[in-house]
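Quick notes on the structure that follows.
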Amino acid sequence: MAEFRLPEIGESVEEATVITVFFEEGGTVGKDEPIVELETEKAAFELPCPFAGTVEKMAVAVGDKIKVGGLIAVISESGKSADAATKPAPKEKPAEAEPAPATEKDPELEMPEPAPKKTSEPKSKSQSPPSSPSAKSLARELGIDISNIKGTGTRGRVSAEDVRAQAKDLIHATMDGSSDLPDFSPWGETDRTPASTIGKISAQRLKRSWETVPHVTHNDSADITDLEELRKDFSTKAEKAGGKLTVTAIMVKVVASALGTFPKFNGSFDSKRGELVFKNYINIGIAVDTERGLVLPVIKNADEKNIIEISIELADLAKRAREKNIKPDELQGGSFSVSNLGGIGGDSFTPIVNFPEVAILGLSRSKISPVYDEKSGQFKPRMILPLSLSYDHRMIDGAEAARFVRWIAEAMEEPFKLVFEG
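Numbered according to my numbering, the sequence shown spans residues 6 to 427.
Shown next as structure tokens:
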């Protein structure tokens with residue numbers, strides 16, 4: 006017999022909710038076949054079983070919350086002897102007994118045991134309560150001020166669970182406090198559908214970003230007539246490699262080059278310390294529309310990849326995001342975001358900055374427009390791509406934004422610009 010336990014599923018992610026169970030006890034599961042579908046605050050995804058066999062015990066049900074290391078199922082592997090059945094028993098006891106010596110009330114504190122060794126914690130004791138590394142990481146990720154959280158651990162220690170509880174309170178405050186609805190019954194019947202975890206967390210984060218970041222949106226456009234011809238010429242090469250050479254894939258490379266020239270747009274603004282944070286990595290998040298809502302997978306180190314490599318990775322991430330197979334750590338670490346609504350329509354829009362990032366670039370639908378050609382003295386049809394950059398005005402001023410977008414537009418209009426300047 007073999008125990009299948011929840012593996013590490015991403016930085017600062019310590020538990021998940023079971024939303025689908027694909028096998029009943031007695032069923033036969035294949036290797037790498039999804040056995041359950043899980044949802045975290047970041048994403049929903051199917052979890053494959055690492056071995057094949059008969060499901061002797063299904064330890065979870067729909068709606069259960071399971072922590073990393075928690076038992077999901079016991080599998081009787083094909084070809085294994087009955088002696089193996091005696092092994093899980095002693096294994097399970099220590100797993101349940103481990104949290105007790107670490108802490109009596111808060112099992113979350115067992116994992117970040119090294120925290121007391123840090124010398125930086127006593128220095129900040131007067132400013133914020135003691136907290137585990139996972140709690141600090143989660144608080145930063147959700148944009149929550151950890152000093153405002155009352156810890157439930159020993160001496161008021163803040164755990165990741167305390168941060169999640171605070172996030173839920175913020176969600177309820179957002180939905181209950183600012184969205185009081187009237188009674189609709191006099192006009193007819195209504196239906197209600199519970200929002201997904203992703204939807205609720207996204208709503209809270211977007212609202213907080215909108216209220217925290219002083220947004221300004223700068224609009225411009227790029228003539229991509231020549232680029233479109235190049236894209237068509239190289240699309241077959243990208244497809245043979247397993248990618249899809251889209252305008253979005255090309256834009257990721259262009260933006261990565263632009264961020265190297267304009268590092269402010271790849272940073273964050275630390276309002277508490279009054280400091281500008283410059284990141285020495287370029288990770289670009291791409292907005293993907295799914296049935297469960299907007300998901301933002303991240304292309305890591307985009308500046309180190311060529312357009313074909315980016316097109317392959319982007320196609321894979323988007324496909325798995327829609328199929329709920331995206332991993333939580335593939336949604337983290339972004340330093341700039343791109344949102345393309347061109348496939349749907351529109352001339353421009355105001356994308357919301359993905360805090361703690363300081364800028365996001367929106368692409369609308371490209372269209373043929375008459376453009377005056379000074380050489381011939383005539384109007385000629387050209388393919389024009391609308392660009393909308395929303396940015397944090399605390400870190401970026403209007404002139405910088407205009408130069409940044411113009412650089413991107415010129416790179417799209419003159420692809421060789423990347424060779425010489427990118």
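In this text, a Cβ means the ideal position worked out from N, Cα and C, and glycines have one as well.
Please report how far the alpha carbon of residue i lies from the alpha carbon of residue j, in whole angstroms.
i: G265; j: I77; result: 45 angstroms
i: S395; j: G58; result: 52 angstroms
i: G247; j: I317; result: 6 angstroms
i: F56; j: T33; result: 11 angstroms
i: A66; j: E42; result: 11 angstroms
i: G382; j: A407; result: 28 angstroms
i: I373; j: G351; result: 14 angstroms
i: E415; j: D231; result: 12 angstroms
i: G15; j: T195; result: 39 angstroms
i: W192; j: F274; result: 47 angstroms
i: A326; j: L175; result: 26 angstroms
i: D37; j: V363; result: 39 angstroms
i: K72; j: A64; result: 13 angstroms
i: R236; j: L250; result: 7 angstroms
i: L211; j: N359; result: 7 angstroms
i: I291; j: I357; result: 13 angstroms
i: G376; j: R387; result: A quick correction: the sequence has Val, not Gly, at residue 376. About 6 angstroms.
i: G156; j: P138; result: 14 angstroms
i: L11; j: I331; result: 16 angstroms
i: E30; j: S142; result: 38 angstroms
i: S136; j: E19; result: 15 angstroms
i: K284; j: G339; result: 10 angstroms
i: M6; j: D69; result: 23 angstroms
i: L322; j: S190; result: 43 angstroms
i: I149; j: V168; result: 8 angstroms
i: K277; j: E314; result: 38 angstroms
i: E216; j: E82; result: 53 angstroms
Report the partner residues of residue i according to the DSSP bridge assignment.
i: A21; result: I71
i: T33; result: T59
i: Y3; result: In the structure displayed, the chain extends from 6 to 427; residue 3 sits before or after that span and is not available.
i: K269; result: Note: K269 sits in no beta bridge, so no partner.
i: F274; result: L281
i: I373; result: M388
i: T157; result: In the DSSP output, where bridge partners are listed per residue, T157 has none listed.
i: G290; result: V303, S342
Please check the pair residue i and residue j, which I expect to be a contact at CB under 8 angstroms, by giving their CB distance rounded to whole angstroms.
i: P391; j: S342; result: The pair is not a contact, with the Cβ atoms about 17 angstroms apart (cut-off 8 angstroms).
i: S164; j: A140; result: 5 angstroms
i: V451; j: L366; result: Missing from the structure shown is residue 451; the chain here goes from 6 to 427 and no further.
i: D225; j: R411; result: 6 angstroms
i: K269; j: N288; result: Not confirmed; about 16 angstroms, so no contact.
Taking all protein chains shown into account, decide if residue i is buried (16 or more other Cβ within 10 angstroms of its Cβ) or exposed.
i: A307; result: buried
i: T355; result: exposed
i: A404; result: exposed
i: S152; result: exposed
i: R160; result: exposed
i: G158; result: buried
i: G348; result: exposed
i: P199; result: exposed
i: D397; result: buried
i: P219; result: exposed
i: G272; result: buried
i: F9; result: buried
i: L368; result: buried
i: T45; result: buried
i: P106; result: Because P106 carries a pLDDT of 41, less than 50, the predicted location of this residue cannot be relied on, and no value is offered for it.
i: I186; result: Sequence check: residue 186 is Leu here, not Ile. Under this definition L186 is an exposed residue.
i: D402; result: exposed
Does residue i come out as helix, strand or coil in the three-state DSSP assignment?
i: V41; result: strand
i: P191; result: helix
i: S131; result: Only weak support is given to the placement of S131: the predicted model assigns it a pLDDT of 40, under 50, and the question is left unresolved by the model.
i: F384; result: strand
i: R10; result: strand
i: I413; result: helix
i: D185; result: coil
i: V303; result: strand
i: N345; result: strand
i: F50; result: strand
i: A320; result: helix
i: D228; result: strand
i: E418; result: helix
i: A406; result: helix
i: D308; result: helix
i: L76; result: strand
i: D352; result: coil
i: S81; result: strand
i: V65; result: coil
i: D378; result: strand
i: T241; result: helix
i: V26; result: strand
Is residue i near the ligand COA, with its Cβ less than 6 angstroms from a heavy atom?
i: E234; result: Summarising the ligand content, the structure contains no ligands, and the ligand COA is consequently not present.
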